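Notes follow the structure.
There are 2 protein chains.
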Amino acid sequence: MKLTLPPNVSPAQFSAALKAFEGVVGKGWLMASDADRDAYSDLYAPGSEAQWPASAAVAPASTEEVQAIVRIANQYKVPLWPVSRGKNLGYGQAAPRLAGSVVVDLGRMNRVLELDPKLGYCVIEPGVSFFDLYEHIEREKAPLWMSVPGNGWGAVLGNALDHGIGYTPYGLHAKNLCGLEVVMPDGDVMRTGMGGMGNNKASHLFPLSYGPDWTHMFTQSNMGIVTKAGVWLMPEPESSLQLTLDIPNEEDIGWVVDTVAPLKISGLIGQNVFIPSWLGKIVLKGQRKDFWDKPSAIPDWRVKELLKEHKLGYWQVQIRLYGDENVNKAQADVIKAAFKRHLDAPMHEEWWRKGDARNIYDVTVGVPSAVPLQMGDWVGGRSAHLGFSPVVPANSEHVMGQLKRSRKIIADHDVDFYASFTIGGRFANNINMLMYDRDNVAQVENMKNLFNTLIGETAKAGYAEYRTHLGWMDAVNSTFDFNNQAQRRYNEKVKDALDPNGIIAPGKQGVWPSVYRAHAKEGQA
Amino acid sequence: MKLTLPPNVSPAQFSAALKAFEGVVGKGWLMASDADRDAYSDLYAPGSEAQWPASAAVAPASTEEVQAIVRIANQYKVPLWPVSRGKNLGYGQAAPRLAGSVVVDLGRMNRVLELDPKLGYCVIEPGVSFFDLYEHIEREKAPLWMSVPGNGWGAVLGNALDHGIGYTPYGLHAKNLCGLEVVMPDGDVMRTGMGGMGNNKASHLFPLSYGPDWTHMFTQSNMGIVTKAGVWLMPEPESSLQLTLDIPNEEDIGWVVDTVAPLKISGLIGQNVFIPSWLGKIVLKGQRKDFWDKPSAIPDWRVKELLKEHKLGYWQVQIRLYGDENVNKAQADVIKAAFKRHLDAPMHEEWWRKGDARNIYDVTVGVPSAVPLQMGDWVGGRSAHLGFSPVVPANSEHVMGQLKRSRKIIADHDVDFYASFTIGGRFANNINMLMYDRDNVAQVENMKNLFNTLIGETAKAGYAEYRTHLGWMDAVNSTFDFNNQAQRRYNEKVKDALDPNGIIAPGKQGVWPSVYRAHAKEGQA
């Protein structure tokens with residue numbers, strides 16, 4: 064990709080900044096060729112990746128190097144875009160929101176600094192991947208399990224900071240963060256929570272603070288660059304029982320949610336319960352053309368045939384219990400009785416006991432896997448996906464309303480419908496996967512229109528996305544309309560106070576520093 | 064109490080401000096007589112309550128009235144000190160940190176705006192007391208239980224915002240907050256989390272946000288005045304089982320913590336487990352003079368006698384399980400087996416089943432109680448208490464170290480030792496109750512010296528307080544020494560950006576706005 068300079072930065076300034084960056088990280092860790100820029104682009108970009116071009120990337124090896132980079136960026140007014148490992152697939156991967164930003168690639172900072180087998184936490188740097196941490200835990204023989212997202216090839220910290228979700232009792236990854244070290248936009252360093260005391264022994268254990276707690280001001284945020292974090296890990300259970308049940312019909316999701324959510328809210332189910340629709344199973348079996356050979360959306364009659372052929376329910380519920388065997392058994396009895404009231408079919412039971420090998424494809428036992436990436440192959444070509452992800456209250460009224468609304472909009476755009484609901488407590492994340500061939504211009508345009516319509520109609524009905532792709536960060540932010548966008552306005556106020564030159568991740572989640580605000584409003588960013 | 068004007072405010076300015084306040088709230092809701100000022104003082108103040116004098120109090124009835132008050136305060140540069148119900152006993156009650164602040168008494172805003180029996184949450188105003196909410200839930204026959212602190216006469220919201228703790232699975236009260244409405248220091252209003260979207264249906268259900276989450280920037284904070292909040296409530300369990308065990312010796316606390324903490328971290332125990340020492344039981348049986356008639360600390364031999372006489376262990380562990388009866392039984396088996404490894408005594412079992420009356424003195428079943436206030440009578444006279452409350456990792460090494468250190472310091476000051484540990488997960492809150500007669504000058508001075516020594520020595524060892532009295536907010540803040548007090552410096556930066564006139568709760572938790580910073584450093588505030 065050719066060079067796009069950051070706004071208001073001259074070629075000479077830019078070259079001087081790069082030279083200074085290189086002075087910090089050393090030769091080889093400043094990457095600014097056309098091929099380098101390609102490496103930091105969005106491989107799933109709807110359309111050309113040149114819509115979100117990085118100008119260069121710099122890879123520091125320590126907190127001190129991050130501080131030095133931030134100070135140089137302030138000096139030359141060069142915007143930075145920090146990434147942990149840059150694998151934020153479907154949301155922009157490593158590409159920056161603001162064209163010409165320099166990616167700060169934290170992948171070299173990949174040390175596990177602490178791992179406490181009894182108190183159940185680790186302290187990690189941003190470059191630690193799910194596989195890195197998994198291997199570290201195995202090597203140390205620590206009786207701890209991770210929580211991993213569906214696709215675990217990214218970074219533990221990047222995923223948690225971006226509000227990623229997993230499918231264990233620790234599935235709300237941002238909530239496992241305890242005690243951050245952050246390089247602030249002026250190059251200074253602060254620590255959140257009890258870590259504000261230099262030698263504090265509970266820095267990664269106590270989830271509050273003395274005074275205001277900043278921890279979640281740094282998630283989905285451009286208020287600083289997190290360089291170190293405490294992450295809670297689940298103690299390895301004595302045993303684990305998985306209950307599986309196929310749910311025949313689309314509209315059954317109503318009673319399924321009304322059955323699962325109360326058990327989740329009461330704490331009987333600890334896990335985040337993932338309920339994918341049939342297409343989640345089919346994408347693993349082949350490409351779209353193997354099941355439906357027309358460009359139009361798979362029609363209902365064909366869906367029915369496919370369910371029959373592949374012995375699938377429209378939905379599948381998998382609930383996993385963790386802990387003492389007798390406790391799991393007693394909990395399973397409650398769950399089975401609750402389902403039996405609606406569906407007279409036995410739940411399939413599968414036990415794991417301490418000492419057994421874990422299924423390396425099963426994210427509910429904390430093993431990272433890239434299997435769901437297979438989905439990337441569904442439509443063929445340079446295929447990619449976007450996720451439309453509104454949060455809804457965890458009951459049938461809201462879930463059914465959301466299902467019907469997005470299903471109709473997606474059908475109106477003649478796109479395959481692939482929904483899932485993850486019950487995380489009092490709420491459910493509804494993920495609608497939209498898969499497309501990046502080189503099919505008409506398909507990409509249709510997908511963009513569809514995405515805009517989904518955001519608008521869903522907001523009208525009173526639901527917001529919890530996360531979105533670079534291309535829609537502003538659009539989703541603008542749905543947060545309470546009191547003339549009060550949340551955005553106060554984010555901007557704090558952003559300007561902490562980052563007057565607007566150098567950290569301008570535009571992240573729709574929060575622009577003053578220096579680029581007009582630029583962004585004119586649609587130039 | 065006579066009038067103390069706020070710093071840099073003339074009598075004429077002050078009168079004009081009061082008149083303007085009265086114009087907002089109406090006659091009768093602006094309180095500025097000597098008797099009124101007494102009503103907003105700290106009844107437990109170590110020494111004279113004139114150390115922390117309010118100049119007046121104003122009681123708004125709505126968010127709009129709070130906004131108007133904040134705008135007037137900006138106009139006249141009058142500092143405000145918001146309280147929910149002003150019952151923050153041991154931490155300063157309703158009294159302000161900065162002498163001459165006007166207390167904003169939110170007690171009139173006491174509506175329960177929503178109560179959802181299935182999704183398990185309410186939306187409340189700041190003036191809702193624990194008793195108000197309890198009665199509201201009972202009246203609505205909603206199958207929900209609250210989490211209440213030891214002494215439940217204050218406000219649900221004020222307690223949660225001040226990081227109060229309770230003894231159910233919802234015992235970390237700040238973590239039950241979901242979706243705040245906040246009047247900002249400029250009089251504007253914002254909502255946190257999904258509530259940033261005006262009509263959002265998951266505002267009080269989804270515990271994260273799109274973009275940075277501000278929720279905990281408003282706890283133990285002076286960044287705004289919270290006027291409304293979603294609070295999660297526990298579903299009423301099918302049954303509940305309490306296991307009680309007396310623990311004979313002081314040093315047993317080590318193995319007790321090593322036994323309980325892993326079960327709490329694994330999720331088998333949901334509740335915050337409170338482990339008080341013997342004095343917590345004795346204070347309910349009479350006054351100090353009934354048990355020991357000398358001013359010196361109760362000596363060890365007398366403690367041993369008292370334990371024998373009253374059939375008490377040095378500690379008592381009470382663990383309560385909530386939920387399905389068979390699940391509770393299976394969990395209890397695990398707990399009993401774990402304790403049996405250390406102490407061959409049966410745990411006392413007590414069942415509660417749906418339909419049974421709840422013990423109105425038992426905070427572990429979510430009934431608010433003021434029984435622990437009885438402790439206030441211990442030393443006689445105008446007796447009061449301070450709590451020294453460091454947070455320690457939940458294992459024997461740290462708990463025993465903390466116990467020995469504070470025990471020695473307290474003994475060196477010839478003061479009775481009354482400790483408790485509450486295991487909240489990976490950490491324990493160690494509360495050391497220090498009881499004194501407010502009118503005994505020597506006792507108060509000794510208590511102040513003791514408190515200063517405890518803060519200093521405990522910080523040296525690497526532990527911080529999670530909360531403290533007005534008189535020590537600066538001292539505790541200064542123990543947060545990482546990188547030249549980075550946490551305080553960034554709190555100040557944000558404070559100044561949001562509140563240039565420094566009108567909201569100056570000095571709260573040691574965070575001073577620029578306008579009073581020099582004043583505070585000189586020890587004048």
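Sequence lines, in order, name chains A and B.
Counting from 1, position 96 in the first sequence corresponds to residue 159 in the working numbering; the numbering is continuous, with no gaps.
Counting from 1, position 86 in the second sequence corresponds to residue 149 in the working numbering; the numbering is continuous, with no gaps.
Yeah, the Cβ is synthetic: ideal placement off N, Cα and C, and Gly gets one too.
These figures come from a predicted structure and were not determined experimentally.
Legend entry - Alpha-carbon spacing of methionine 410 (chain B) relative to glycine 418 (chain B), whole angstroms: The residue labelled residue 410 (chain B) in the question sits at position 347 within the second sequence. The residue labelled residue 418 (chain B) in the question sits at position 355 within the second sequence. The alpha-carbon separation between methionine 410 (chain B) and glycine 418 (chain B) amounts to approximately 25 Å.
Inset, instruction - Spell out whether any CB of chain A is found under 8 Å from the CB atom of alanine 117 (chain B). - result: As a working mapping, residue 117 (chain B) is identified with position 54 in the second sequence. Chain A, which has no Cβ nearer than 8 Å to the Cβ of alanine 117 (chain B), makes this no.
Legend entry - glutamate 203 (chain A) vs leucine 178 (chain A) beta-carbon contact at 8 Å: For the purposes of this step, residue 203 (chain A) is taken as residue 140 along the first sequence, with counting starting at 1. For the purposes of this step, residue 178 (chain A) is taken as residue 115 along the first sequence, with counting starting at 1. Going by C-beta atoms, glutamate 203 (chain A) is nearer than 8 Å to leucine 178 (chain A).
Legend entry - Every unbroken alpha helix (DSSP H) inside the stretch 244-332 of chain B [4 residues or more]: 316-328, all fully within the stretch 244-332 of chain B.
Legend entry - Per-residue DSSP class, three states only, for valine 346 (chain B): Position 283 of the second sequence, counted from the start, is the residue given in the question as residue 346 (chain B). In the three-state scheme derived from DSSP, where H, G and I count as helix and E and B as strand, valine 346 (chain B) is classed as coil.
Inset, instruction - Could you check what DSSP says for isoleucine 567 (chain A) in three-state terms: helix, strand or coil? - result: Your numbering for residue 567 (chain A) matches position 504 in the first sequence. If DSSP states are grouped into helix, strand and coil, isoleucine 567 (chain A) belongs with the strands.
Inset, instruction - Taking 8 Å as the cut-off, decide whether the C-beta atoms of glycine 429 (chain B) and tryptophan 208 (chain B) are in contact. - result: As a first step, residue 429 (chain B) is located in the second sequence; it is residue number 366 there, counting from the start. As a first step, residue 208 (chain B) is located in the second sequence; it is residue number 145 there, counting from the start. Taking 8 Å as the Cβ cut-off, glycine 429 (chain B) and tryptophan 208 (chain B) qualify as a contacting pair.
Legend entry - Beta carbon of glycine 183 (chain A) nearer than 8 Å to that of isoleucine 486 (chain B): Locating residue 183 (chain A) in the first sequence gives position 120, where the first residue counts as 1. Locating residue 486 (chain B) in the second sequence gives position 423, where the first residue counts as 1. Cβ distance not < 8 Å, so glycine 183 (chain A) and isoleucine 486 (chain B) don't count as in contact.
Legend entry - Identified DSSP bridge partners for asparagine 493 (chain B): Your numbering for residue 493 (chain B) matches position 430 in the second sequence. Note: asparagine 493 (chain B) is bridge-paired with B:Phe484 in the DSSP secondary-structure output.
Inset, instruction - For glutamine 572 (chain B), go through chain A and note every residue whose CB falls closer than 7 Å to its CB, in chain order. - result: Translated into the one-based positions of the second sequence, residue 572 (chain B) becomes position 509. Within 7 Å Cβ-Cβ: Tyr273 and Gly274.
Legend entry - Residues bridged to aspartate 500 (chain B) (per DSSP): For this step, residue 500 (chain B) is matched to residue 437 along the second sequence. Answer is B:Ser446, bridged to aspartate 500 (chain B).
Inset, instruction - Compare the C-beta of aspartate 396 (chain B) with all C-beta atoms of chain A and state if any pair is closer than 8 Å. - result: On the second sequence, residue 396 (chain B) is found 333 positions in, with the first residue counted as 1. Interface residue (Cβ-Cβ distance to chain A less than 8 Å): aspartate 396 (chain B) is classified as such.
Legend entry - Where asparagine 389 (chain A) meets chain B, residues with beta-carbon distance less than 7 Å: On the first sequence, position 326 is the one that residue 389 (chain A) refers to. Those within 7 Å of asparagine 389 (chain A) in chain B are Ala393 and Asp396.
Inset, instruction - State the DSSP-derived secondary structure class of phenylalanine 194 (chain B), mapped to helix, strand or coil. - result: The count along the second sequence starts at 1 and reaches residue 194 (chain B) at position 131. Collapsing the DSSP output to three states places phenylalanine 194 (chain B) in a helix.
Legend entry - Spatial neighbours of glycine 258 (chain B) in its chain, beta-carbon cut-off 6 Å, leaving aside the 5 residues before and after: For the purposes of this step, residue 258 (chain B) is identified with residue 195 of the second sequence, where counting begins at 1. Listed in chain order, the non-local C-beta contacts of glycine 258 (chain B) below 6 Å within the same chain comprise Gly242 and Ser266, local neighbours out to five positions each way being set aside.
Inset, instruction - Tell me, please, whether the stretch 107-115 of chain B touches the stretch 493-506 of chain B by the rule of three or more beta-carbon pairs shorter than 8 Å. - result: Under the 8 Å Cβ criterion, the stretch 107-115 of chain B counts as touching the stretch 493-506 of chain B, having at least three qualifying pairs.
Legend entry - arginine 580 (chain A) (DSSP reduced to helix, strand or coil): On the first sequence, residue 580 (chain A) is found 517 positions in, with the first residue counted as 1. Three-state DSSP puts arginine 580 (chain A) in a helix.
Inset, instruction - Quick one: list the residues of chain B neighbouring glutamate 528 (chain A), beta-carbon separation under 7 Å, in chain order. - result: Sequence index remark: in the first sequence, residue 528 (chain A) carries index 465 (1-based). Within 7 Å Cβ-Cβ: Tyr273.
Legend entry - alanine 457 (chain B) versus B:Ser483, B:Asp475 and B:Gln130, residue with shortest Cα-Cα distance: As a working note, residue 457 (chain B) is residue 394 in the second sequence. Taking only the C-alpha atoms, the option nearest alanine 457 (chain B) is B:Ser483.
Inset, instruction - Return the residues of the stretch 437-461 of chain A that lie within a Cβ-Cβ distance of less than 9 Å from chain B, sorted by chain order. - result: Those would be Pro453, Val454, Val455, Pro456, Ala457, Asn458 and His461, in chain order.
Inset, instruction - For glutamate 555 (chain A), I'd like the list of residues in its chain whose CB is within less than 8 Å of its CB, leaving aside the five on either flank, ordered along the chain. - result: Translated into positions along the first sequence, residue 555 (chain A) becomes position 492. Cβ within range, chain order: Val574, Trp575, Pro576, Ser577 and Arg580.
Legend entry - Contact set for valine 319 (chain A): own chain, Cβ-Cβ below 7 Å, skip 5 residues either direction: If you number the first sequence from 1, residue 319 (chain A) lands on position 256. Excluding residues within five positions, the ones whose Cβ falls inside 7 Å are Ile310, Ile338, Trp378 and Val380.
Inset, instruction - Output the distance between the C-alpha atoms of glutamine 572 (chain A) and proline 453 (chain A), rounded to the nearest integer angstrom. - result: Taking the first sequence and counting its residues from 1, the one referred to as residue 572 (chain A) is at position 509. Taking the first sequence and counting its residues from 1, the one referred to as residue 453 (chain A) is at position 390. If you take the alpha carbons of glutamine 572 (chain A) and proline 453 (chain A), they lie about 15 Å apart.
Legend entry - Cβ separation of proline 180 (chain B) and glycine 330 (chain A), assumed to be a contact under 8 Å, to the nearest whole Å: For this step, residue 180 (chain B) is matched to residue 117 along the second sequence. For this step, residue 330 (chain A) is matched to residue 267 along the first sequence. Proline 180 (chain B) to glycine 330 (chain A), Cβ: 17 Å. No contact.
Legend entry - Sub-8 Å separation of alanine 560 (chain A) and valine 557 (chain B) beta-carbons: As a position in the first sequence, residue 560 (chain A) is number 497, starting the count at 1. As a position in the second sequence, residue 557 (chain B) is number 494, starting the count at 1. Contact annotation: alanine 560 (chain A) and valine 557 (chain B) have beta-carbon atoms nearer than 8 Å.
Legend entry - Minimum C-alpha distance to leucine 240 (chain A) - residue among A:Asn214, A:Met297 and A:Asn262: Counted from its first residue, the first sequence places residue 240 (chain A) at position 177. Per the Cα distances, A:Met297.
Legend entry - Cutoff 8 Å; reference methionine 536 (chain A); Cβ partners in own chain excluding five residues on either side: Position 473 of the first sequence holds residue 536 (chain A). Excluding sequence neighbours, methionine 536 (chain A) sits near Arg160, Gly570, Lys571, Gln572 and Gly573.
Inset, instruction - Identify, in the order they occur along the chain, each residue of the same chain with its Cβ nearer than 6 Å to the Cβ of valine 434 (chain B), setting aside the five sequence neighbours on each side. - result: For the purposes of this step, residue 434 (chain B) is identified with residue 371 of the second sequence, where counting begins at 1. Only Tyr424 meet the Cβ criterion.
Inset, instruction - Report the residues of the stretch 348-360 of chain A with a CB closer than 7 Å to any CB of chain B, ordered along the chain. - result: Those would be none; no residue qualifies.
Inset, instruction - Mind the definition here: the stretch 369-376 of chain A touches the stretch 284-298 of chain A only if three or more C-beta pairs lie below 8 Å; say whether that holds. - result: The stretch 369-376 of chain A is not in contact with the stretch 284-298 of chain A.
Inset, instruction - Please confirm whether proline 248 (chain A) and aspartate 562 (chain A) have their CB atoms less than 8 Å apart. - result: Counted from its first residue, the first sequence places residue 248 (chain A) at position 185. Counted from its first residue, the first sequence places residue 562 (chain A) at position 499. In contact: proline 248 (chain A) and aspartate 562 (chain A) (Cβ atoms closer than 8 Å).
Inset, instruction - Please say whether serine 446 (chain A) and aspartate 500 (chain A) have beta carbons closer to each other than 8 Å? - result: For this step, residue 500 (chain A) is matched to residue 437 along the first sequence. For this step, residue 446 (chain A) is matched to residue 383 along the first sequence. Serine 446 (chain A) is positioned such that its CB atom lies closer than 8 Å to that of aspartate 500 (chain A).
Legend entry - Cβ shell of arginine 174 (chain B) (< 6 Å), same chain only, five flanking positions each side left out: Here residue 174 (chain B) is taken as the residue at index 111 of the second sequence, counted from 1. Shown here for arginine 174 (chain B): same chain residues with a beta carbon closer than 6 Å to its own, the five before and five after excluded, namely Glu188 in chain order.
Legend entry - Interface positions of the stretch 319-331 of chain A facing chain B (Cβ-Cβ less than 9 Å), listed along the chain: Answer set for the stretch 319-331 of chain A: Asp321, Ala324, Pro325, Ile328, Ser329, Gly330 and Leu331.
Inset, instruction - Compute the Euclidean distance between the alpha carbons of lysine 363 (chain B) and histidine 532 (chain B), then round it to the nearest angstrom. - result: Within the second sequence, the letter at position 300 stands for residue 363 (chain B). Within the second sequence, the letter at position 469 stands for residue 532 (chain B). The question names lysine, but residue 363 (chain B) is aspartate in the sequence shown. For aspartate 363 (chain B) and histidine 532 (chain B), the distance between alpha carbons rounds to 29 Å.
Legend entry - Cα-Cα separation between tyrosine 230 (chain B) and alanine 79 (chain A), rounded to whole angstroms: Numbered from 1 along the second sequence, position 167 holds the residue referred to as residue 230 (chain B). Numbered from 1 along the first sequence, position 16 holds the residue referred to as residue 79 (chain A). Distance between the alpha carbons of tyrosine 230 (chain B) and alanine 79 (chain A): 59 Å.
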